[in-house]
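Let me begin by presenting the structure, written as structure tokens, before commenting on it.
In full-length UniProt numbering, the protein residues as written are 1 to 288.
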């Protein structure tokens, strides 16, 4: 699978912003039919997104965020855009595996109608946007089409009736840190990419760099973006450094030369099988 470090949103009712996003450096562009589009503009936005997709030769990296499955717009969204073959669908307000399975059924029918290879359209759910969703982040294992999982703090705060989700210094409050951690754990259990949520202050690229690098070290492999200026920062943070790659290769080579060993010494440090697993995972990212 292609790299999935940066996911850049673009409103589905703005041809200019969709073009700017798709012509940029983002690994994945998400054309938004949900929060970025007013209810009165959704019908026109669907048609704009479909027409835009039809002009692109890189549709594999252009995804669509539909409206929630429990609302009245999701099926209309899918019917409007699937003939244009988006690379994936972002599913907001997912409440567990059953929602991905339901989306899979819709996509399978629409792929067959459009002559798209079965299962070609990937899915990334937003897994912490409702109170109920917080209790189901672990049940995505084996879910069809699942390529990544991400989380959201703004909709969760809205669902809880909370006026703030950060403290005075801008750090997430404990409940939202838990949401992030549950997303990470759920994604790792499911064997898919864990994607960090947005940073709303797109001007603070220094803060974005620190946060993205911290999330990379924590185990996330990508991040959502709301502005093109955030993309290069995110891409750099979620690209393994030369020193990380070199160390990973050294660990893999060391265990290959000592196949029966459980623990070995490397550059004055002890490394064991978990280090080998992480090294292999990192090297796999460089080949994506």
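The C-beta atom is built at its ideal place from N, Cα and C for all residues, glycine as well.
Annotated three-state conformation of residue 63 is strand, per DSSP. Between residue 248 and residue 279, the C-beta spacing is below 8 Å.
When C-alpha distances from residue 47 are compared across 15, 24, 69, 61, the shortest belongs to 15. Beyond the five residues adjoining it in sequence on each side, residue 36 comes within less than 6 Å, by CB distance, of 11 in the same chain, given in chain order. Counting only residues of its own chain and dropping the five nearest sequence neighbours on each side, residue 167 has a CB closer than 7 Å to the CB of 173.
Between residue 110 and residue 84, the C-beta spacing is not below 8 Å. The Cβ-Cβ distance between residue 2 and residue 27 falls below 8 Å. Between the stretch 69-85 and the stretch 134-142 there are fewer than three inter-stretch CB-CB distances shorter than 8 Å, so the stretches are not counted as touching.
Look at the beta carbons and you see the stretch 185-201 touching the stretch 121-140: at least three pairs across the two are nearer than 8 Å. Between the beta-carbon of residue 7 and that of residue 153 there is about 16 Å, and that puts the pair past the 8 Å contact cut. Per DSSP, the beta bridge partners of residue 269 are 266. Annotated as proximal: residue 93 and residue 130, with beta-carbon spacing under 8 Å. Closest in alpha carbon position to residue 283, among 266, 250, 156, 51, is 250. Collapsing the DSSP output to three states places residue 88 in a strand.
Between the alpha carbons of residue 68 and residue 124 lies a gap of roughly 13 Å. Per DSSP, the unbroken beta strand (DSSP E) holding residue 8 starts and ends at 6-11. Ranked by Cα distance from residue 25, the first of 97, 102, 40, 61 is 61.
Residue state for residue 196 is assigned as strand, using DSSP reduced to three classes. In this structure, the alpha-carbon of residue 276 lies about 46 Å from that of residue 73.
The C-alpha of residue 253 is placed about 15 Å away from the C-alpha of residue 270. Residue 5 is positioned such that its CB atom lies closer than 8 Å to that of residue 234.
If you look at residue 30, you'll find it in the beta strand (DSSP E) that goes 28-32. The shortest CA-to-CA distance from residue 58 to any of 41, 88, 45 is the one to 88.
Annotation for residue 112: 118 place their beta carbon closer than 8 Å to its own, counting only its chain and skipping 5 residues before and after.
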